[in-house]
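Undergrad:
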Amino acid sequence: MKEILDRLRTAFLAILVVIAVALGCIKLMTIQIVNGDAYLQESEYTSLYTQTIKATRGQIVDSKGNPIIENKVGFNVIIDASLFPSDNKEANEIIIQTVEILKENKLEWNETIPISDSKPYEFKKDRDSDIEKLKSLVGVNVYATAENCIDKLLDDYEISDKDYTEQDQRIIAGIRYEMLLRDFSLGNTFTLCEDIPVDVVTQLKELGVKLKGIDVVEDAVRIISQGDVIPHEIGTVGPIFAEEYDELKEKGYAMNDSVGKDGIEKAMEDTLKGKDGTKTITVTNGSVVSSNITEEPKGGNTVKLTINSDYQRDVQEILENFTAYLRSSSNEYKDVKCGSIVVLDVKDNAVLAMATAPTFDLNDYKSKYDELSDDEDNPLFNRATCGLYRPGSTFKTITATAGLNEGIVTGYSTFNCAQRMTFYDQTYGCTGYHNDIAVSEALRVSCNIYFYELSRRLGIDKLSEYASMYGFGQHTGLETGDYAGAFATPERFDEIGLDWTVGQVLQAGIGQSEMQVTPLQMAVQASTIANKGVRYTPHLVDSIYDYSMTEKVKDHEPEIAEQINLNYDYVYDFITQGMILASGNNFPAEYSLSNLGFDVAIKTGTPQNWRNGEELTDTAFIGFAPADNPQIAFAGIVEGGEYSKYMIRSIIQAYYKNFPENGSANGSDNINFLTPKTTASTSVTDENGNTVTASETTTTVITTQIEE
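Residue numbers (numbering that gives the first Met the number 0): 0 to 707.
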């Protein structure tokens, strides 16, 4: 019996072994044959990454839709963290090899570290917040020197002097820091260089295996199509700086984004930016096996400006040529180079032209920045919106407004001008002996005594009140910002540490004393007179379109900033009459405003301004045209010059040349201070015996004698 049980036990165990082996074979077959590919894939290293697809930035176009700033498809060099070596020494070698290719082709790479390019290393000026950020990211104390920061980077990234020259060490350290600053990671590629030529693309592609992580991608590249058109107002785009990031990150910006730095690029950032997209990348054993867009990017909207590019160029040329003629006319004006002209559309204060001299081309901003910033005439300074000047006698129109509207005078009231006036213990003078004179005639001859007496009766509080109604001492509301300036009041004197005297009210009434206004504010003043007391907020943005400009998103709505309540209907009739009379004063025939086909209303001034410790006499004007049906208002100032009113005829003629749909002005085909271009055609025979037409464009320079 026992023997039988032992045999059964043995047989049972044998059966179990057979079953176990069979099951093992089946499992092995399943692994190797049925699911072999799947298990092989699992045995490999696979990762998924989400990357941002940058939205194309919106364009900036002029009033006719001509691009000022646009985009083109270009090639950018990027570093992709998913393929970039984690080994420092290998990564450093890839960086320097890539930079060598860029250097050979005279291309610049992205690097903003606030440290000099060579020893002795020093922190760059005016970069305090960036220096603070650098010390924090690198991990040095607040007292660390520039040398300490570089040494820490060299140590952290194993950039040895045994492997690299001092210059190459600095290059690698700068790029490594930029990658750190821009949050280089699996989700954020780093753009090393932008808009590279096709032949450089080929070079880099050929070295693709050696340059791990280096890639060339198609991207929208920002192109400055018209760099000479209001460069101060267009502005620039650049990397986010430390002091900006805290605010921008709340709006969804990454540290490796670009952002508008100034001008329209900054003011309209939310409109231009667009919405980024995303893509998912699958990487297996260091190779990208798939890339899928999960959210398409949406391009930014296009900003259409009020500026007419052709008119802007004409006004800029008029200003520059006028200052050149002044320099050539007399040794007294040999240093005259600086000034500004602003032209507004009267109906809503749209900026039609805004010239400042000297100026620059936006295409040169980066490459010539040091040269431009070191220029003593400061071409980077926007005199139109930030230049602060005494307005001189142009302010008398505001004094006249206050006097007429407050009932201090009527259009026929007279004051006696005997060329001298005593106020307390001070004597004040006038350039003429005008006898009994009323307001319109006082504006024509710019009688100081009349406006001294009117100012005395008004008092500084009323003068200040009306100056404020015209927008003086406050920002205009222009999208890109401006200086507010200041009006002369006892409070103003106290702020700047000067003693107020009773005679300052007289000086304020003729646009002197401690008064500061911008050319833009003066143009707004002229427009307010043309609109009989209605002051519009000036603006540069006409409308917003989608990226392709096929659909209008938003139109500008005129905004009334102030409306002067008129106590008497005749207030602006007498002021305009005086300004029309002033347009006939002492103009040589070639600059005359009397034969344009309509009346022009102007007021000129010769304010004294202090610059560099020296008192200089500037030349200024304001006005509008046509006087009876105003279309444009304008203002201009030339530092240390004279006769600026001679530009007015050209400004008006150039307007009708560029806006023929709005009417015409006599002589618009031959404009002073513009260099006409004539095209001559000649017929020639080519080598095949065919007749072809060759055109040659020549520029004729107008030489005009400037005289009183």
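The beta-carbon is built from N, C-alpha and C at its ideal position, and this holds for glycine as well.
1. Determine the burial state of A354: buried for a count of at least 16 other Cβ atoms within 10 Å of its Cβ, exposed for fewer.
2. Cα separation between C148 and T396?
3. Do T618 and G640 come within 9 Å of each other at the CB atom, strictly closer than that value?
4. Excluding the five sequence neighbours on either side, which residues of its own chain have a C-beta within less than 7 Å of the C-beta of K551, listed in chain order?
5. Using a Cβ-Cβ cut-off of 6 Å (strictly less than) and excluding sequence neighbours within five positions of I222, which residues of its own chain qualify?
6. Does DSSP put L106 in a helix, a strand or coil?
7. Can you tell me which of S392, T393, F394, N377 puts its alpha carbon nearest to the alpha carbon of G386?
8. Considering only the alpha carbon of each residue, which of N447, V60, L153 lies closest to Q436?
9. Do you know how far the Cα of K53 is from the Cα of E217?
10. Looking at the structure shown, is K274 part of a helix, part of a strand, or coil, going by DSSP?
11. Please return the same chain residues whose Cβ sits closer than 7 Å to the Cβ of D481, not counting the five positions on each side in sequence.
12. Take the Cβ of D598 as the centre, count every other Cβ of all protein chains shown within 10 Å, and call the residue buried at 16 or more, exposed below.
13. Output the distance between the C-alpha atoms of I708 and Q202, rounded to the nearest integer angstrom.
14. So the alpha helix (DSSP H) A219 belongs to, where does it begin and stop?
15. Have a look at V197 and V98 and give me their C-alpha separation to the nearest angstrom.
16. Grouping DSSP H, G and I as helix and E and B as strand, with all else coil, what is C717?
17. Using C-beta distances below 6 Å, list every residue in its chain close to E686, excluding the 5 sequence neighbours before and after it, in chain order.
18. Check this for me: beta carbons of P230 and F394, under 9 Å apart or not?
19. Taking the alpha-carbon of N307 as reference, which of E131, R382, E375, V228 has the nearest alpha-carbon?
20. Is K211 near the ligand SAH - that is, is its Cβ less than 8 Å away from at least one heavy atom of it?
21. What are the boundary residues of the alpha helix (DSSP H) that includes K260?
22. Which residues does DSSP pair with F189 in a beta bridge?
23. How would you label C626, buried or exposed, when you count the other beta carbons within 10 angstroms and need 16 or more for buried?
24. I need the DSSP call for K303, collapsed to helix, strand or coil.
25. Around the C-beta of I621, are 16 or more other C-beta atoms found within 10 angstroms, so that it is buried, or is it exposed?
26. Report back the beta-carbon spacing between G186 and T270 to the nearest angstrom; my notes put them in contact at under 8 Å.
27. So what does DSSP say about D116, is it helix, strand or coil?
28. Does DSSP put D344 in a helix, a strand or coil?
29. By a C-beta neighbour count over all protein chains shown, 10 Å radius and 16 as the cutoff for buried, is L351 buried or exposed?
30. Considering Cα atoms alone, identify which of V199, I559, N91, K531 is closest to Q168.
31. Tell me, please, whether the region 110–129 touches the region 72–79 by the rule of three or more beta-carbon pairs shorter than 8 Å.
32. What residue range is occupied by the uninterrupted alpha helix (DSSP H) comprising A581?
33. Taking buried to mean at least 16 other C-beta atoms within 10 Å of its own C-beta, is L180 buried or exposed?
34. Are N657 and N594 close, meaning C-beta to C-beta below 9 Å?
35. Considering only C-alpha positions, which residue in the set D344, K250, L152 is nearest to F623?
36. Of all the options E107, L592, E246, which has the alpha carbon lying nearest to the alpha carbon of S366?
TA: Walking through what the data contain:
1. Around the beta-carbon of A354, 16 or more other beta-carbon atoms lie within 10 Å, marking it buried.
2. Between C148 and T396, the C-alpha separation is close to 60 Å.
3. Yes.
4. So the list reads S542, Y544, once near-sequence residues are dropped.
5. So the list reads E69, K71, once near-sequence residues are dropped.
6. DSSP, reduced to helix, strand and coil, places L106 outside both helices and strands of the structure shown, so it counts as coil.
7. The option with the nearest alpha carbon to G386 is N377.
8. The amino acid occupying residue 436 in the given sequence is Ile; Gln does not appear at that position. Of the candidates N447, V60, L153, the one whose C-alpha sits nearest the C-alpha of I436 is N447.
9. In this structure, the straight-line span from the alpha carbon of E217 to that of K53 is close to 11 Å.
10. It is a strand residue.
11. Hits under 7 Å: T384, C385, H474, T475, T517, L519.
12. Flag for D598 reads buried.
13. Nothing about residue 708 can be reported from this structure: the residues present for the chain run from 0 to 707 only.
14. Careful: A219 lies outside any alpha helix (DSSP H), inside the beta strand (DSSP E) at 213–223.
15. Each residue's Cα considered, the two are about 17 Å apart.
16. Because the chain is modelled from 0 through 707, residue 717 falls outside the range shown and cannot be assessed.
17. Only weak support is given to the placement of E686: the predicted model assigns it a pLDDT of 39, under 50, and the value that follows is read from those uncertain coordinates. Nothing meets the Cβ criterion.
18. The answer is no: Cβ separation not under 9 Å.
19. Minimum Cα-Cα distance from N307 among the listed residues E131, R382, E375, V228 corresponds to V228.
20. Here there are no bound small molecules, and the ligand SAH is not part of this structure.
21. From DSSP, K260 is part of no alpha helix (DSSP H); its letter is neither H nor E.
22. Beta-bridge pairing links F189 to I78.
23. First, the residue type needs correcting, since residue 626 is Ala and not Cys in the sequence shown. Burial state of A626 is buried, judged by a 10 Å Cβ sphere holding 16 or more other Cβ atoms.
24. If DSSP states are grouped into helix, strand and coil, K303 belongs with the strands.
25. Classification of I621: buried, given that the 10 Å Cβ count is 16 or more.
26. Under the criterion of beta carbons closer than 8 Å, G186 and T270 do not qualify as touching, at roughly 26 Å.
27. Note: D116 maps to coil in three-state DSSP.
28. Strand.
29. The residue in question, L351, is buried, as its Cβ has 16 or more Cβ neighbours within 10 Å.
30. Cα-wise, what sits closest to Q168 is N91.
31. Under the 8 Å Cβ criterion, the region 110–129 does not count as touching the region 72–79, having fewer than three qualifying pairs.
32. Unbroken alpha helix (DSSP H) run through A581: 570–581.
33. Around the beta carbon of L180, 16 or more other beta carbons lie within 10 angstroms, which makes this residue buried.
34. Cβ atoms of N657 and N594: not closer than 9 Å.
35. Of the listed residues, the one whose Cα sits closest to F623 is D344.
36. For the residues E107, L592, E246, the minimum Cα distance to S366 belongs to E107.
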